[in-house]
Amino acid sequence: MPDTSATTTATSAATGAPDVAVVVPAHAASDALRRCLEALRACDPPATELVVVVDGADPDTIALAERHADRVVALPDTGGPARARNAGVAASVSDLIFFVDSDVVVRPDFVGRIQARFLTRPTMDAMIGSYDATPPEENLLSQYKNLLNHYVHQRAGNDGWTFWGACGAIRRSVFERVGGFDESYTRPCIEDIELGHRLHAAGHRIEVAKDVQVTHLKRWTARTLLRADVLDRALPWSELIVERAGFTDDLNISRAQRGKAVLASAGLAGAAVGLVGPRRLRRPSRGVLAGSVTALAVLDAPLLRFFARQRGPAFAVGATAWHWWSYVYSAATFGTVLARRVLRRRG
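So for the sequence shown, the numbering used here puts the first residue at 9; every next one is plus one.
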């Protein structure tokens with residue numbers, strides 16, 4: 009596709025709006041990538057630059073990217089989205105960098121909203137958006153995961169502690185100052201969260217832009233969700249927390265979330281002992297289960313109501329049950345990481 013960045017740069021200069029480079033890491037040609045790029049091309053105003061980085065130089069993905077992007081960077085081998093995003097930034101020149109995952113669809117006013125926010129907030133160094141409340145995949149776990157992201161980001165404070173690679177923007181000067189994404193993360197993982205930690209530690213301000221929303225096209229199954237939540241999120245995130253000595257009261261790891269994880273774990277333990285434990289412990293264990301479920305239902309009542317409003321009561325029950333299960337496996341993962349660190353120190 010012809011490079012239109014020079015024309016768009018002139019337009020941005022005339023209006024006073026900052027230049028925006030959109031960087032999309034892509035691994036395989038897919039209908040989701042096509043829809044992602046078509047939506048980015050339909051933006052009004054358009055991005056100054058649309059850079060697609062093909063992670064692994066797949067010929068079909070390169071061909072698809074070349075039909076839409078101003079610039080295509082083909083990396084010869086697969087190194088993960090952290091490396092791909094860094095390569096995309098290096099191939100661009102705009103003052104603002106907006107990272108978009110290859111399985112999300114932006115709205116037509118997407119670029120204009122980004123430009124307006126950075127133009128009117130000179131002290132803001134980075135921003136993240138959220139998924140919208142209309143995920144197209146209809147199975148329970150796809151609806152649950154995407155709606156949960158929407159709910160958490162929409163209820164978050166205006167200032168954030170983490171970055172988000174699926175829908176996040178940053179000033180080029182700040183990105184380069186902190187060293188970009190950590191390329192030791194060689195698969196989709198917490199490379200964006202880790203970048204956010206470094207940004208916050210360096211005193212840079214990250215905002216949660218609740219009006220910048222994208223549609224997530226990903227289909228989640230129990231297998232893919234467990235793998236992502238445990239191996240790609242909970243495990244490395246727990247290691248990051250332990251390594252850097254501290255939680256942040258933000259998004260998915262707030263104090264309230266940590267308390268709910270304790271309750272859910274206690275409830276599961278109560279259920280197990282109540283079913284197969286010694287007879288003398290069964291009644292009190294069932295009491296622990298009942299108490300935990302009641303407390304969780306009260307604490308998560310706003311989330312339950314949100315799920316019910318979006319998809320009905322049956323969905324709310326199923327989604328909340330999985331959500332409580334996620335508290336358990338996330339807490340177990342953190343406990344394992346912490347115990348392993350303690351044992352290493354003693355050894």
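Where a beta carbon is used, it is the ideal one built from N, C-alpha and C, also for glycine. Small disclaimer: the values here were computed from a predicted structure and weren't measured.
**Asked** Would Tyr159 pass as a contact of Leu304 if the rule is Cβ separation under 9 Å?
**Response** Along the sequence shown, read from residue 1 onward, the residue named residue 159 stands at position 151. Along the sequence shown, read from residue 1 onward, the residue named residue 304 stands at position 296. No, the pair does not count as a contact, with Cβ atoms beyond the cut-off.
Which same chain residues end up closer than 8 Å to Arg349 when comparing Cβ atoms and leaving out the 5 residues on each side of it in sequence?
To locate residue 349, count along the sequence shown from 1; it is residue 341. Excluding residues within five positions, the ones whose Cβ falls inside 8 Å are Val250.
* Identify whether Leu83 lies in helix, strand or coil by the three-state DSSP scheme. => The sequence position of residue 83 within the sequence shown is 75, counting from 1. Three-state DSSP puts Leu83 in a strand.
* Asked: From Gly326 to Asn147, what distance separates their C-alpha atoms?
  -> In the sequence shown, the residue the question calls residue 326 occupies position 318. In the sequence shown, the residue the question calls residue 147 occupies position 139. Each residue's Cα considered, the two are about 11 Å apart.
(message) Three Cβ pairs or more, each shorter than 8 Å: is that satisfied between the region 169-185 and the region 108-121?
(response) yes
- [ ] Given a cut-off of 9 Å, decide if Ile198 and Ala134 are closer than it, judged by their beta-carbon atoms.
- [x] Numbered from 1 along the sequence shown, position 126 holds the residue referred to as residue 134. Numbered from 1 along the sequence shown, position 190 holds the residue referred to as residue 198. Contact flag unset, no.
Starting from Asp219 and walking both ways along the beta strand (DSSP E), at which residues does that stretch end? Against the sequence shown, residue 219 aligns to sequence position 211. Its beta strand (DSSP E) spans residues 214-224.
Taking buried to mean at least 16 other C-beta atoms within 10 Å of its own C-beta, is Leu259 buried or exposed?
For this step, residue 259 is matched to residue 251 along the sequence shown. Confidence at Leu259 is low in this model, with a pLDDT of 48, below 50, so its placement is unreliable and no value can be given for it.
Please state if the CB of Arg93 and the CB of Thr194 are separated by a distance shorter than 9 Å.
Locating residue 194 in the sequence shown gives position 186, where the first residue counts as 1. Locating residue 93 in the sequence shown gives position 85, where the first residue counts as 1. Going by C-beta atoms, Thr194 is not nearer than 9 Å to Arg93.
**Prompt:** Any idea what DSSP makes of Cys175, helix, strand or coil?
**Reply:** For the purposes of this step, residue 175 is taken as the residue at position 167 of the sequence shown. Note: Cys175 maps to strand in three-state DSSP.
Counting only the same chain and skipping the five closest in sequence on each side, list residues whose C-beta sits under 6 Å from that of Leu203. If you number the sequence shown from 1, residue 203 lands on position 195. So the qualifying residues of the chain are Phe171, Phe189.
* Asked: What distance in whole Å lies between the Cβ atoms of Gly137 and Val220, which are believed to be in contact at a cut-off of 8 Å?
  -> Residue 220 sits at position 212 when you count from the first residue of the sequence shown. Residue 137 sits at position 129 when you count from the first residue of the sequence shown. Between Gly137 and Val220 the Cβ distance is about 3 Å, and since that is below 8 Å, they are a contact.
Kindly indicate which residue of Leu207, His35, Val80 has the alpha-carbon position closest to the one of Trp169. Here residue 169 corresponds to residue number 161 of the sequence shown, with the count starting at 1. The shortest Cα separation from Trp169 among Leu207, His35, Val80 belongs to Leu207.
Would you report the Cα separation of Thr15 and Val59, rounded to the nearest angstrom?
Along the sequence shown, one-based indexing puts residue 15 at 7. Along the sequence shown, one-based indexing puts residue 59 at 51. Model confidence at Thr15 stands at a pLDDT of 49, short of 50, so the residue's coordinates are unreliable; what they give is reported in the following sentence. Taking the straight line joining both Cα atoms gives about 16 Å.
Exercise. Comparing alpha-carbon positions, which option in Leu243, Ala164, Ala236 lies nearest Lys218?
Worked result: Counting from 1 along the sequence shown, the entry for residue 218 is found at position 210. Among Leu243, Ala164, Ala236, the Cα nearest to that of Lys218 belongs to Ala164.
Asp257 versus Ala339 - alpha carbon distance:
For the purposes of this step, residue 257 is taken as residue 249 along the sequence shown, with counting starting at 1. For the purposes of this step, residue 339 is taken as residue 331 along the sequence shown, with counting starting at 1. Reliability of the predicted coordinates at Asp257 is poor, the pLDDT of 47 falling under 50, and no value is obtained from them.
How would you write the range of the alpha helix (DSSP H) that Glu202 sits in, first residue to last? Mapped onto the sequence shown, residue 202 falls at position 194. Counting along the chain, the alpha helix (DSSP H) containing Glu202 begins and ends at 199-209.
Here's a check: name, in chain order, each residue in its chain whose Cβ is nearer than 8 Å to the Cβ of Leu83, leaving out the five neighbours to either side. On the sequence shown, residue 83 is found 75 positions in, with the first residue counted as 1. Cβ within range, chain order: Val61, Val62, Asp63, Gly64, Ala65, Arg91, Ala92, Ala95.
query: Thinking just about the alpha-carbon of each residue, which of Thr344, Pro286, Gly187, Leu248 is nearest to the one in Ala210?
result: One-based indexing of the sequence shown puts residue 210 at position 202. Nearest option by C-alpha distance: Gly187.
Continuous alpha helix (DSSP H) stretch holding Asp68: start and end
For the purposes of this step, residue 68 is taken as residue 60 along the sequence shown, with counting starting at 1. Per DSSP, Asp68 belongs to the alpha helix (DSSP H) from 67-74.
- Item | Rounded C-alpha distance that separates Pro26 from Leu127 | Numbered from 1 along the sequence shown, position 18 holds the residue referred to as residue 26. Numbered from 1 along the sequence shown, position 119 holds the residue referred to as residue 127. If you take the alpha carbons of Pro26 and Leu127, they lie about 7 Å apart.
* To do: Give the range of the beta strand (DSSP E) segment to which Ser138 is assigned.
  => As a position in the sequence shown, residue 138 is number 130, starting the count at 1. Taken as a continuous stretch (DSSP letters only), the beta strand (DSSP E) holding Ser138 covers 134-139.
Measure the C-alpha to C-alpha separation of Val157 and Thr86 and round it to an integer number of angstroms.
If you number the sequence shown from 1, residue 157 lands on position 149. If you number the sequence shown from 1, residue 86 lands on position 78. Inspection of the sequence shows that residue 157 is occupied by Asn rather than by Val. The straight-line gap from Cα to Cα measures roughly 28 Å.
From Asp103, Val28, Leu149, pick the residue whose C-alpha is nearest to that of Ala329; which is it? On the sequence shown, residue 329 is found 321 positions in, with the first residue counted as 1. Residue Leu149 is the option with its Cα nearest to Ala329.
Got a sec? Which residues, its chain only, sit under 7 Å from Arg42 by beta carbon, not counting five neighbours each side? Translated into the one-based positions of the sequence shown, residue 42 becomes position 34. Cβ within range, chain order: Leu72.
Query - Assumed close pair Ser334, Asp200 - CB separation to whole angstroms, cut-off 8 Å - result: Against the sequence shown, residue 334 aligns to sequence position 326. Against the sequence shown, residue 200 aligns to sequence position 192. 19 Å between Cβ atoms; not a contact.
- Ignoring anything shorter than 3 residues or poking outside the region 89-118, list the beta strand (DSSP E) runs there in chain order. 104-108
Expressed to the nearest angstrom, what Euclidean distance is found between the alpha-carbon atoms of Leu351 and Leu155? Working through the sequence shown from its first residue, we reach residue 351 at position 343. Working through the sequence shown from its first residue, we reach residue 155 at position 147. For Leu351 and Leu155, the distance between alpha carbons rounds to 38 Å.
- Query: Between Ala36 and Val222, what straight-line distance do the alpha-carbon atoms span, to the nearest angstrom?
  - Reply: The count along the sequence shown starts at 1 and reaches residue 36 at position 28. The count along the sequence shown starts at 1 and reaches residue 222 at position 214. Spanning the two alpha carbons is a distance of roughly 20 Å.
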